[in-house]
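Under the numbering used here, the first residue of the sequence shown carries the number 1, and numbering increases by one thereafter. Idealized CB from N, CA, C, for every residue including glycine.
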Amino acid sequence: MADSAPRSFIYNPPPAGELAVLHADDDILVLNKPSGLLTVPGRTEDHADCLESRARQDYPGARIIHRLDMDTSGVIVLALNAHAHRHIGLQFEKRQTQKTYVAKIWGRLESETGRVDQPLICDWPNRPKQHVDHEKGKTAITDWEVIETGDTYTRVRLTPLTGRSHQLRVHMQFLGHPILGDNLYAPEHVLAASDRLCLHAQTLSFRHPNGGAPVSFSSPVPF
């Protein structure tokens, strides 16, 4: 049975201002993306405002290498030349990058750590939603660790070992603990529990395209 259709929304990105630059050099630009901003432009003119277009105002050669969901905040790297784009892009393709996220999820987990290994595929009639499909889905693996337990929520550190669309959001929903403020996968009371999606890309590590030295970047969790 197909999942319920996604809720309708009006794109209302945060006001444009000074870029939240975590690092910049001749090859890469590392930004702290705000929640509510598309990484790349959408298909329609009213979805043209995005992180990439804002970055290009100050860094004309900036090119997206990977994406964060519109409502996800946190660390993202852009390339400033073709070599950097190719070098880091291959690291993502070969799963040589390391990423950690922090999320607030509904309810309490019974264990302190765990792994979700559930294949995902686009729920085509309800796109952009994804869902678990053991016949046609692509491998998707997420490790999780409890950071803090509250009365109605748990704060967790999530480490995706694969990079499927909406992976963390669907995997938390699969556990029965959707992410607070998730307008695609959370029921109404969990959506209403936060004024934003409580998912933040906290750290990103990779090899620098100029020389290959390991580098790591982080940003504070805003919720």
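- When the Cα of G42 is compared with those of D25, Y11 and K33, which residue comes out closest? Y11
- Task: Can you say whether A84 is buried or exposed, counting buried as having 16 or more other CB atoms within 10 angstroms of its CB?
- Result: buried
- Query: Count the other CB atoms within 10 Å of the CB of G212; is the residue buried (16 or more) or exposed (fewer)?
  - Reply: exposed
- Item | Best match in V75, E112 and P119 for proximity to F206 [C-alpha to C-alpha] | V75
- Item | Rounded C-alpha distance that separates R157 from F174 | 16 Å
- In chain order, what residues of the same chain lie with their CB nearer than 7 Å to the CB of L197, ignoring the 5 residues before and after it? S35, D71, T72, I179, G181 and D182
- Straight-line gap, S219 to L22 (C-alpha atoms, nearest Å): 8 Å
- Message: Buried or exposed, going by whether 16 or more other CB atoms sit within 10 Å of the CB of M1?
- Response: Reliability of the predicted coordinates at M1 is poor, the pLDDT of 37 falling under 50, and the value obtained from them is presented with this limitation in mind. Burial call: exposed.
- Message: If you measure between the beta carbons of K230 and L68, is that distance less than 7 Å?
- Response: Given that the chain is displayed from residue 1 to residue 223, the structure contains no residue 230 and the question cannot be resolved.
- Which residue from P119, A24, E145 and T159 puts its Cα closest to that of L109? E145
- Helix, strand or coil at D143 [DSSP, three-state]: strand
- Item | Alpha-carbon to alpha-carbon, L31 and A20 | 6 Å
- In chain order, what residues of the same chain lie with their CB nearer than 6 Å to the CB of P13, ignoring the 5 residues before and after it? G36, L37 and D49
- When DSSP builds the beta bridges, which residues end up paired with P187? Answer is none; P187 lacks a bridge partner.
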